[in-house]
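Residue numbers (my numbering): 27 to 178.
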């Protein structure tokens, strides 16, 4: 699995990878968008109701079935547009909360990746960043950026 950010001028032939399916979400601004590469044999599908673009973020969710297992794997990728107003971050947090409440996401083992454009080092001094973390915690997610890497 590879997750990267793309622009509207993305050259799909240049970034083609043999044996991988490409899933894209183009941005409605000049820069942005998301792309996810998934090994073709995994038979992934886009979850369309939680894939798209807004004035604050671009996002795509992919579901990968796991035959014989209870839950599929879901990969969500975000690119938060680099805006710095309070309303933008609050709207972004609300968007994430809405996505994580979706039944397709709740009923899977989900990994969230992307470029959030949030300074996570300020979680103890910025209430908006604390709210961002708490949103994930309320949905039982853990940030692996803040965990001892020897644990994994």
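Even glycine gets a Cβ: it sits at the ideal position worked out from N, Cα and C.
Note to self: Could you check whether the stretch 58-78 touches the stretch 111-119, counting it as contact only if at least three pairs of C-beta atoms, one from each stretch, sit closer than 8 angstroms?
What the structure shows: no
Note to self: Here's the rule: buried if 16 or more other CB atoms are within 10 angstroms of the residue's CB, otherwise exposed. What is residue 132?
What the structure shows: exposed
Notebook entry, point to check: By Cβ distance, which residues of its chain are closer than 8 angstroms to residue 121, with the 5 residues on each side in sequence left out?
Noted result: 80, 82, 83, 85
Margin query: Given this structure, state the Cα-to-Cα distance separating residue 42 from residue 151, to the nearest angstrom.
Written below: 42 angstroms
Margin query: Quick check: the Cα distance between residue 168 and residue 123, rounded to an integer number of angstroms?
Written below: 14 angstroms
Check: Can the beta-carbon of residue 137 be found closer than 7 angstroms to that of residue 144?
Finding: no
Item checked: For residue 161, three-class secondary structure by DSSP -> helix
Check: Going by C-alpha distance, which of 139, 67, 118 is nearest residue 100?
Finding: 139
Checklist line | CA-to-CA distance, residue 87 to residue 126, given in whole angstroms | finding: 11 angstroms
Checklist line | Of the residues 115, 76, 102, 67, the one placed nearest residue 92, counting alpha carbons only | finding: 67
Note to self: Can you find the residues in the same chain that come closer than 6 angstroms, C-beta to C-beta, to residue 117, ignoring five residues on each side of it along the sequence?
What the structure shows: 82
Item checked: For residue 168, three-class secondary structure by DSSP -> coil
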